[in-house]
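Below is one structure; the comments refer to it alone.
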Amino acid sequence: MNSTPPLLELRDISKQFPGVKALDHVSFAVHSGEVHMLVGENGAGKSSLMKVLCGAYRADEGEFFHRGEKVEIRSPADARALGIAVIFQEFSLVPYLSIAQNIFLGREFPGRFPGTIDHARMHREAKQLLDQLGLDIPTRTLVHELGVAQQQMVEIAKALSQNARILVMDEPTAALSDRETERLFAMIRQLQSDGVAIVYISHRMAEVFAMGDRITVLRDGKKVASLLPGEATPDELVHLMVGRSVDRSYARNFCQSEGELILEVKDLSSVNGVKGINLTVRSGEIVGLSGLVGAGRSEVARAIFGADRVTGGEILLHARAHRGNPDKAVAAGIALVPESRKAEGLALIRSVCDNLMLPGLSLAFPSRIYHAARARQIAGALIDRLRISTPSSQRPVRLLSGGNQQKVVIGKWLGSGSRLFIIDEPTRGIDVGAKAEIFALIDQLVSQGAGVLMISSELSEIVQVCDRSYVMRDGRIAGHLSREQLSEENILKMGVHHE
Amino acid sequence: MKMKTLASLITIALLSPLAHADGEKIAVFTKNLTNPLFAEIRAGADNAAKQMNATTQHYVPTKPDSIPEQMSAIEDVVVKKPDAIVFIPVDSKAMVAGVNKINAANIPVVNINDRAAGGKFVSFVGVNDYDLGLETARFLLKNLGGKGNVVIIEGVKGASTNQDRIRGFKKALEENPNVKLLASQTGNYQRNQALSVMENLMQSFPQIDGVLAANDAMATGVIEALAAANRKALVIGVNGTGIDEIKQGKLLATGDYKGFQQGCLGTMAAIRHLRKLPVPAELMFPPNLITQANVQSFLVPKDKMVCPKWEDVVKK
Amino acid sequence: MSENSIATPPGTTSTFSAELRRVPGVAWILGLLVLVFALASRDFLSAPNLLNIGLQSVILLILALPMTMIIMTEGVDISMGAVLTLASVVLAWVLAHDGSLPLALAAALVTGLAFGVGNGMLVALLKMPPFVVTLGTMGVAQGLALLATDGQSIVVSNDSLQAVYAGSFMGIPQTLLIGAVVYALSHWLLYQTRFGTYVFALGGNPDALGLAGIRANYYLIAVYAFGGLMAGLAALILTSRMSSGHPTAAIGMEFDAIAAVVVGGTSFEHGNGWLFGTLLGVLAVGALRNGLNLLTVASSVQVSCIGLLVIVALLIDGFKGKK
Amino acid sequence: MNDAIASGRLMARLVDLKTIGYRLAAALAICLVLAAASDVFLTTNNLLNVLRQASLLFLLASGLTLVILTAGLDLSVGANIGMSACIAASVIKLTGSAMLGAATGVGVGLAIGLLNGVLVALMRMPPFIATYGMLWVVHGVTYWFMAGTTIYGFPAAFRALGSGYFLGLPIPVYLMFVFLALGSFFAQRTTYGQEIYAIGANREAARLSGVPIAKRLILVYAVSGAMAGLASLVFLARMNSAEGDIGEAFTLPAIAAALIGGTSLFGGVGTVSGTLVGALILTLVLNGMNLLTIDASWQPLVTGVIVLLAVFFDALTRKGGDGRQ
């Protein structure tokens, strides 16, 4: 297709970690002006490849070629010299530095004296970048005051500021609303036409096919295919990624009869800016809570669970008033699968068993006397039931893959006697195979009589999985969509401002 | 508005004790809030001031024996300009700079208890630690019959009181060649450290006949250790705070440090100086011992003690 | 708008009104203390007394400024008081052995720097928890000071040394000048240099530094080294003030410094620090001690007041920041 | 047969040999060196001395260990000992009742701990600073209460708590083993313990898992305070006297004992049994220095080096870190 040598080419790259071959003779090339999609399940080696690319890891074996010439990438500085910039999924931003300082972190303009910074120039150039991205925020704003989507935009500005010739993006849309995603895509096309090569990692099939010029599939640290978008259907691509067929439609039997009322929220408002929330969840149904990022979905979840202070309104659980801290919520049968599994969901240094047992401790051990053997037994059963891939229940949970960690975060509530599950972004950053398993698990919960309130930024998930959905906008419920009305278009129509 | 009311209320509350002040204001510096010796000295100073119709203000570091804090307190006091200062340095050498500041402000200062290594003083009131150590040690060695094994428990190494007392102890030991000094270790003037040190020494030495402790707090620690191990030895201390132990026969003797009198006479000297009455440059108490024989006269509680008349003491 | 929006911290966003909005508990307390003491004692606002507060606060300030940066990196240095003490002993020893003042100061600075670099290396390279590392080096420094002096003061009669604390330069007391220079230096380092930017990043997101190709460890070591160096400098003032070196003179002062830093609004998390707040914190402690001395408040009450200052300042911040 | 195996496994878990194995070996190595260097080291009396001296440190450090497990710290334990001892002493003097005095001592310690817990858990203050402030407040109240005096001379029944023997062993040593068992049981074998570890490992995750954070934090600070109160009684009984600042010298050694014993200041890692070994190591070294009549000036230096060595060793063996560095 391209007769000129690729902008960057990796040949036979291998990277070994104790016990794992993260990359096994992977070859990969990206051309100027090309969007190269990199797909694969979690643990397939995408992140490792990306870290090799940006110099964070050193390859054990293999060679790099830049415009046909052999080069070395041994450190982030080497990568930067080649014009490689990376937008990480987990932000590389410093909370108490300004936007400008973050954009130019490590590349500060020298001031008059050695070691000093030319602040004026830094803010000037930062302003230009933000303008380019259509972001109207003062460059002196501290990053911790920004929302997630804005932080993502700063991250992108940071990469752009490096005048990158090769831009690596790891799930850049994960935290973005659809509108912001559109803006990002427009920008990518702009960069593309300027001749920038883009390596784009994604789990979203729609994006892969819409944006990709070429698709490379990794599995178990090996490259299994490199193809053009026209050469495969989404299902075939998924098949390549997981090495087996997976039903992507998450088909389930939607709730037929109206179950008993589990949760009723009346006029709820909280310190985190949600106001006048009214919603219900019944036994046996999955209720969606959708809307743009920043519309207040997680905040509603946290308010119901008592994680944020409620300032007004009523929460009725099984028709009885409920109010209080998370411990009261758990005792009343509410489970929360939080948005961030590492920060809020897991005690990473503790074992799988310890994490799985935590919410249900008082149920499993009503006498308050803890039996390690019994805990291992209960955890073992959960591990089997959830098909968590771990050699032992005693393994620290930080050593598990993202999908398995997510299963632990959901699984820990199975022993807590919960009747209401609030699940915030159940599939963020996990692969297709694990997604299907997690939805099967959620389906299992409701079929056993639980009620689920599910928050997701992926509209397709809401549409496919939920019995009905609320749509939020600006901290309020903007509307309700029944099963029949539920479509991505309708959610968007309700969730977006009418300007 | 509310804050201002509050502020003035607090102000009134704080000022009220000062409102009755008349006569000379004497600032009294002691080393810490915990050692009973300094409590006695402060009581003595208060009593003397009351007798002579003056008032005292006490300055004690919040961290025991803190040099920077005493230094700051001096600087603060110099601003307030009391009529005179009665001063115990927390460190005899390091506080000379502080004394110089008092001198520079022309505030008369009487040094008591622990002699500062420099600076100008109206007078020094205290006990000669060397003599006191020597006399107390002699008393112990006499009771041992001039033979046997003894150990020394030292106080804080850098303190001049400790150095002088230990010198006195050792001089007495020289006079008694048949007494063997097994070990000399520090208990830092603290009861619990002395207790641990004694416990360990008893392991090393199966026969200890006498213990010379550089203060009474350590001596009582030693007594506890002996009792716990069910061993017997004659113990002496210095400071005159272990009165009860002497009464009970656990402590053989203590060198009377006359803390209360030091406070009394130091304060009297300061006031007399202000009133242009004669004050000797040095007022040293003789090295007296408190023993079973004379302990009865020392059983007065601190708040009942009364300062002796200046003339009664100085005449001697 | 919503109550929880965190007020803009100063420094990087440096409009004056933004700074005012973030007035921390300590500023109110400092204001209240000054008001009460000024009403209660004629002497409090007198020039010599204000000078006293300034002079007495300088040593603590010189420790607290680098401590602010260390705490911003989610670390702590509890060896500072002991290192200061050891450096003071070294300085006095050199002077007592006929060394010149510059030589003695150099020796003190090297002593401090050595401990700072050592702390930094153990923390950065071996990933040992800062509290434990500096608890260990605190023992080492304190032990060396005791062994070097045999527990006694080293007296120095050196006019140029005495002139450091007492003397003045162009009408301004030198000690205050040193304090001002160290404050200006710290401010410049933290807000104007790469080093300062990376200090924010070390606490806020050290991975970001690695990804930006910065050797984070160098800067982490540098932060502790700065702390050690400043402890060495503080030794000059301490030794001059006492005209001697004493093996326990400043033991425990690091806790006062840490308290001043935290009371001043610097947090143990996320690289959220504020240098000016530290200055306020140090002055609040200084004003409180001085004022209580002027009012001749009983010492036992003074002891409690210092604890109350710390707790009340945090309580005010806690209520202001309550979600 | 089965019972024996089960109880053996139970013991193994309680003592958690894996965590403290290296440290136990280090303690034994110190013993060997001391036995070679001093012929009195291995005498029964000396070993009992070591145990008795270690017991006080352990009682204090065991409560502190629970606090550190939650990623907290309690700097006020030393001041707490001072206040508990002084108030207990004056109650004994006033009423003549050892029991009442003992109850008061533990009660005062508990109250200070509760206050710490409230500041940390409900007011959300950083533990380091809250307990440092409390240290000063408690000291001030104690100094005011004591006014520079010493209270001494307690009934024999009370003093047995510190210096008495039972079946040849000092009574504090029994207390040490009782609280080793209680502490280990609480930390390892109750759901409270599990929750405390979880709080230290990730407080937010624990909160969102329904762990009542505030209650558990108040609990650990209260326990730490009560243990300081108990330690103050043992100390009081041993010293037979109370002064205002008797406890301050214990704060940092108690923290050091926990850290040498493998408890991590980051929280979530550590055991009470490890703390016992830490206390033993510290005590052994000080005992050895006394036996070999080494100048006390060496003590801070040696203690500092031991702390550094212990943590250095952890850093080397911890390969890969705990995921939070």
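Protein chains in written order, with this note's numbering: chain F, 1 to 499; chain B, 1001 to 1316; chain A, 2001 to 2323; chain L, 3001 to 3325.
Ideal Cβ placement from N, Cα and C applies to all residues, glycine included.
Closest by C-alpha distance to leucine 3135 (chain L), out of A:Leu2314, A:Gly2307, A:Ser2243, is A:Gly2307. Of all residues in the region 1174-1200 of chain B, none comes within less than 7 angstroms of chain A when Cβ atoms are compared.
For aspartate 131 (chain F), the secondary structure class from DSSP, reduced to helix, strand or coil, is helix.
Beta-bridge annotation (DSSP): alanine 1183 (chain B) is paired with B:Val1151.
The bridge partners DSSP lists for asparagine 3290 (chain L) come to none. Exclusion of the five residues before and after lysine 275 (chain F) leaves Ser269, Gly475, Arg476 as the residues of its chain whose Cβ lies within less than 7 angstroms of its Cβ.
Under the 8 angstroms Cβ criterion, the region 315-331 of chain F does not count as touching the region 281-290 of chain F, having fewer than three qualifying pairs.
Residue burial annotation: threonine 3131 (chain L) is buried, with at least 16 other C-beta atoms found within 10 angstroms of its C-beta.
For leucine 2314 (chain A) against leucine 2233 (chain A), the beta-carbon gap comes to about 29 angstroms, at or over 8 angstroms, which does not count as contact. Between the alpha carbons of alanine 3036 (chain L) and glycine 3288 (chain L) lies a gap of roughly 11 angstroms. Closest option to proline 76 (chain F), judged by alpha-carbon separation, among F:Asp60, F:Ile87, F:Cys54, F:Leu93: F:Cys54. Identification of chain F residues near leucine 2209 (chain A) by a Cβ-Cβ cut-off of 8 angstroms yields Leu105, Gly106, ordered along the chain. Burial is judged here by how many other beta carbons sit within 10 angstroms of a residue's own beta carbon; isoleucine 491 (chain F) has at least 16 and is buried.
The criterion of a C-beta distance shorter than 8 angstroms is satisfied by glycine 3140 (chain L) and serine 2300 (chain A). Distances from the alpha-carbon of leucine 1182 (chain B) to those of B:Asn1162, B:Asn1143, B:Phe1298, B:Gln1203 put B:Gln1203 closest.
Annotation: Cβ neighbours of leucine 1033 (chain B) in chain A (cutoff 7 angstroms, chain order): Ser2299, Ser2300. Contact between the region 3077-3089 of chain L and the region 3200-3212 of chain L is absent, with fewer than three C-beta pairs closer than 8 angstroms.
Of all residues in the region 2150-2183 of chain A, only Asp2150, Gly2151, Gln2152, Ser2153, Val2155 come within less than 7 angstroms of chain B when Cβ atoms are compared, listed by chain position. Rounded to the nearest angstrom, the Cβ distance from methionine 2242 (chain A) to alanine 1097 (chain B) is 5 angstroms, consistent with a contact under 8 angstroms. Per DSSP, reduced to three states, the secondary structure at histidine 322 (chain F) is strand. Interface annotation for the region 1223-1249 of chain B against chain A: empty, criterion Cβ-Cβ distance under 8 angstroms. Neighbours of threonine 2137 (chain A) in chain L, taken as residues whose beta carbon is under 8 angstroms from its own, are Gly3304, Leu3308 in chain order. Taking the Cβ atoms as the reference, valine 1211 (chain B) lies roughly 5 angstroms from valine 1222 (chain B), within the contact range of under 8 angstroms. Cα atoms of leucine 2209 (chain A) and glycine 106 (chain F): separation of roughly 7 angstroms, rounded to the nearest angstrom. Aspartate 1164 (chain B) carries a helical assignment under DSSP once its states are collapsed to helix, strand and coil. In summary, the residues of the region 1054-1087 of chain B whose CB is separated from some CB of chain A by less than 9 angstroms are Gln1057, His1058, Tyr1059, Val1060, Pro1061, Thr1062, Lys1063, Asp1065, Ser1066, Ile1067, Pro1068, Glu1069, Met1071, Ser1072, Ala1073, Glu1075, Asp1076, Val1077, Val1078, Val1079, Lys1080, Lys1081, in the order they occur in the chain. Ranked by how close their Cα comes to the Cα of glutamine 2192 (chain A), the residues F:Asp118, F:Glu344, F:Gln192, F:Leu414 have F:Asp118 in first place. DSSP, reduced to helix, strand and coil, places aspartate 3295 (chain L) outside both helices and strands of the structure shown, so it counts as coil.
With the criterion set as a beta carbon lying under 8 angstroms from some beta carbon of chain F, the members of the region 3184-3198 of chain L are Gln3188, Arg3189, Thr3190, Thr3191, Tyr3192, Gly3193, Gln3194, Glu3195, Tyr3197, Ala3198, in sequence order. Taking the C-beta atoms as reference points, alanine 1172 (chain B) is found nearer than 8 angstroms to leucine 1141 (chain B).
The beta carbon of proline 1036 (chain B) sits closer than 6 angstroms to the beta carbons of Thr1241 from its chain, once the five residues preceding and following it are set aside; these are given in chain order. Contact residues of the region 2105-2138 of chain A toward chain L are Leu2122, Leu2126, Lys2127, Met2128, Pro2129, Phe2131, Val2132, Val2133, Leu2135, Gly2136, Thr2137, Met2138 (C-beta to C-beta distance below 8 angstroms).
When C-beta atoms of the region 3295-3313 of chain L are compared with those of the region 3238-3247 of chain L, fewer than three pairs fall below 8 angstroms, so the two segments do not count as touching. DSSP places leucine 414 (chain F) outside any alpha helix (DSSP H), giving it a letter other than H or E.
Using a 10 angstroms sphere on the CB of lysine 1147 (chain B), the tally of other CB atoms stays under 16, which defines it as exposed. Shown here, arginine 11 (chain F) sits in a strand according to DSSP, grouped into three states.
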